[in-house]
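K.L.:
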Amino acid sequence: MYRSPTTPDFGPRPGPLPAPSAQMGRVLVVEEDTARRHAIVSYLVDQRCTALGCGALEVTRHIQAQSLSLVMLDSRLGTFNGLDILNQIRRRSNVPVILYADGHQVDADRIIGLELGADDFLSGPLSLHELLVRARAVLRRQELGRLGARSLRGGYRFNGWELLHATRELTSPDAVLVGLTKKEYALLVALLEMPGRTLSRLQLMRATRAHEDIYDRSIDVQILRLRRKLAADPSGTGLIKTDRGLGYTLDAHVENLH
407 MYRSPTTPDF GPRPGPLPAP SAQMGRVLVV EEDTARRHAI VSYLVDQRCT ALGCGALEVT
467 RHIQAQSLSL VMLDSRLGTF NGLDILNQIR RRSNVPVILY ADGHQVDADR IIGLELGADD
527 FLSGPLSLHE LLVRARAVLR RQELGRLGAR SLRGGYRFNG WELLHATREL TSPDAVLVGL
587 TKKEYALLVA LLEMPGRTLS RLQLMRATRA HEDIYDRSID VQILRLRRKL AADPSGTGLI
647 KTDRGLGYTL DAHVENLH
């Protein structure tokens, strides 16, 4: 637990981790407590990361001015609401965001954070080591998603919708582009691969690599977000059915595009 605004205590400071296989790029730490912000940024720099910190009021400026690879965001920003800041980031950028809470965090906040677009949520006594490991995992999944998209051709047509692998673009029957996060894309592909068949949460977790997250109900959050995007067009309402206690099913005729 974080114990003092002037003398941060994160437990034993771990030694350098092995060098990552890929550069992490520029990391922004959004933290109102200057002592804790300095501790996190200093640790990241010690681990050969390019990191900078800011308070809540400076986030928009950094998002617009910096080329960022990742944002680490305190979900408890004193007089500010970290989830509101996350919402601001998502309106302007698709940069991966890890929310962290130094101490106990209720599940409702975790669910809302994931629903608003956080890529991961770390709660409990703050571990800088784990924060870095999770950051590398998020960036690794993002890179795997990019490589997978480049290697695939074709896509799917269903109920007038089209999903293209090469660009990960989803187009509605009215020719409106619908933006998908990497997890939403992977989830939709998994459902399109087996239309009419119920897929369990475990199967969907494996398909989206969500098994790397501690919170296994995150699939439900991703399904909710995907349903909302599909429901923007009447043809998308009700496409994803819930088989209570079993999983989810895509109710559509699917045509493979080559």
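Counting from 407, one number per residue, gives the positions in the sequence shown under my numbering. Don't be surprised by glycine CBs; every beta carbon is placed ideally from N, CA and C. These figures come from a predicted structure and were not determined experimentally.
#1: Can you list the beta strand (DSSP E) stretches of 3 or more residues lying completely in the segment 475-513, in chain order?
#2: Does the segment 446-460 come close enough to the segment 481-496 to have 3 or more Cβ pairs within less than 8 Å?
#3: Quick check: what's the CA-CA separation for residue 689 versus residue 466?
#4: With the cut-off set at 7 Å, would you say residue 654 and residue 605 are in Cβ contact?
#5: Should residue 656 and residue 561 be called a contact, given that it needs their Cβ atoms to be closer than 7 Å?
#6: Would DSSP call residue 582 helix, strand or coil?
#7: Can you tell me which residues form a DSSP beta bridge with residue 649?
#8: Excluding the 5 residues flanking residue 716 on each side, which residues of the same chain have their C-beta closer than 8 Å to its C-beta?
#9: In the DSSP output, what is residue 460 paired with across the bridge?
#10: Going by beta carbon distance, what residues of the same chain come within less than 6 Å of residue 523, once the five residues before and after it are set aside?
#11: Could you compute how far the alpha carbon of residue 444 sits from the alpha carbon of residue 498?
#12: Can you grab the Cα-Cα spacing for the pair residue 438 / residue 521, in whole Å?
#13: According to DSSP, residue 529 sits in a beta bridge with which residue or residues?
#14: How would you call residue 476, buried or exposed, if buried means at least 16 neighbouring beta carbons within 10 angstroms?
#15: According to DSSP, simplified to helix, strand and coil, what is residue 566?
#16: Rounded C-beta distance between residue 537 and residue 478? I'm assuming under 8 Å.
#17: Could you give the DSSP three-state label for residue 642: helix, strand or coil?
#18: Along the chain, where does the alpha helix (DSSP H) containing residue 614 start, and where does it finish?
#19: Can you give me the C-alpha to C-alpha distance between residue 567 and residue 630, rounded to a whole angstrom?
#20: Roughly how many angstroms separate the alpha carbons of residue 600 and residue 470, rounded to a whole number?
#21: Let's test the definition: count the other Cβ atoms within 10 Å of the Cβ of residue 544 and tell me whether it reaches 16, buried, or not, exposed.
P.N.:
On the basis of the supplied data:
#1: 476-480, 503-508
#2: no
#3: This structure leaves residue 689 out entirely; the chain is present only between 407 and 664.
#4: yes
#5: no
#6: coil
#7: 653
#8: With the chain covering only 407 through 664, there is no way to say anything about residue 716.
#9: 436
#10: 496
#11: 26 Å
#12: 23 Å
#13: 507
#14: buried
#15: coil
#16: 7 Å
#17: helix
#18: 607-614
#19: 18 Å
#20: 40 Å
#21: buried
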